[in-house]
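Notes for the one structure printed next.
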Amino acid sequence: MRKYEVVIIVKPGEEEAINTTIAKFENIIKNTGGNVEKVDRWGKKRLAYEVKDFMDGYYTLINFTSEPATVFELERVLKITDDVLKHMVIKLED
Numbered sequence: 677m678r679k680y681e682v683v684i685i686v687k688p689g690e691e692e693a694i695n696t697t698i699a700k701f702e703n704i705i706k707n708t709g710g711n712v713e714k715v716d717r718w719g720k721k722r723l724a725y726e727v728k729d730f731m732d733g734y735y736t737l738i739n740f741t742s743e744p745a746t747v748f749e750l751e752r753v754l755k756i757t758d759d760v761l762k763h764m765v766i767k768l769e770d
């Protein structure tokens, strides 16, 4: 298992909708054999430039361990989720 972190910027809106979106990605990691170590919610921040007609976004950092197949599935779902403005998955040093 390798260590990863993912930063997700979600559309600003109701707290319940944001929580549901973040929980969706946590569940993908857990259901594909990964282990979520830490979820750090940075909150609503101003974006440097407009993304999909939004100037603000809700930032979340998730640290997890998993196999590479989990990361492929996570990125696939991140790309097709409309509530996600931007995301970045990084493999950490062992």
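For reference, each letter of the sequence shown is one residue, going 677 to 770 in the working numbering.
We put the beta carbon where it would ideally sit given N, CA and C, even for glycine.
These figures come from a predicted structure and were not determined experimentally.
The beta strand (DSSP E) spanning residue 714 covers which residue range? Counting along the chain, the beta strand (DSSP E) containing residue 714 begins and ends at 711–727.
Enumerate in chain order the residues of its own chain whose CB-to-CB distance from residue 746 is below 7 Å, with the five nearest sequence positions on each side excluded. 705, 708, 709 and 710.
So residue 688 packs on residue 734, CB below 8 Å; how close in whole Å? Going by Cβ atoms, the distance from residue 688 to residue 734 rounds to 6 Å, so yes, they are a contact pair.
Between which residues of its own chain and residue 721 is the CB-CB distance below 6 Å, once the five residues before and five after are set aside? 735.
Taking residue 770 as the reference, which of 692, 763 and 740 has the closest Cα? The candidate whose alpha carbon is nearest that of residue 770 is 740.
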